[in-house]
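The sequence shown stops at residue 122 when you use the UniProt record's numbering, and every number in between is there. Quick reminder that beta carbons are idealized off the backbone N, C-alpha and C, glycines included. Heads up, the thing below is written out as C-alpha cells.
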Amino acid sequence: MVNIHFIRQKEPKGLGHAIYCAKSFIGNEPFAVMLGDDIVENDKPCLQQMTEMYEQYKTTILGVQEIPLEDVSKYGVVDGKQIEDKVYKVNGLVEKPSVEEAPSNIAILGRYVITPQLFLIF
C-alpha cells in the first residue's frame, strides 16, 4: 500500500519551487513527482517501472518517451546515451530545443523519482 501526501504550493513559481515546498516533509527519502498534465497508459504502471529502476540504479529516475523529431521544440529533451533497453544515462537536459539543436528525440515525461540529494542544490 502506498501513502500519498499533497503539499500545497501557495504561489506558482515553477516545478522546482513546488518540490522545494515539500522539502521538510520529504526528509531524507527518495520521492516521486507526478505531473497531472501527462497521462501515461501502460500494462505495467509508469511509477512501478520507475521505482524498479530506482531500486536497480539508486539514482534519480526520469520518465521519458520517444517523440517525433519535428516535435522536440515542444518538450524538454534528454542529452544522453542509451545504456540498455529503455534506459538512458542522462548527461543533460535541453528545454524546448529547435530540431537542429536537439541532442535527441527522447522527451522528458512528467514523472520523476528523485533522491533527496536534490536539496543540496538549494
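- In the DSSP assignment, A18 falls within the alpha helix (DSSP H) that extends over 15-21.
- DSSP, reduced to helix, strand and coil, places I61 within a strand of the structure shown.
- Short of 8 Å from the beta carbon of L109, and not among the five residues preceding or following it, lie these beta carbons of its own chain, in chain order: D38, V40, C46, L62, G63, V64, Q65.
- By the criterion of at least three beta-carbon pairs nearer than 8 Å, the stretch 91-105 is not in contact with the stretch 11-20.
- Per DSSP, V40 lies in no beta strand (DSSP E) and is assigned neither H nor E.
- DSSP, reduced to helix, strand and coil, places V2 outside both helices and strands of the structure shown, so it counts as coil.
- Residue pairing by DSSP places D79 opposite G92 in a beta bridge.
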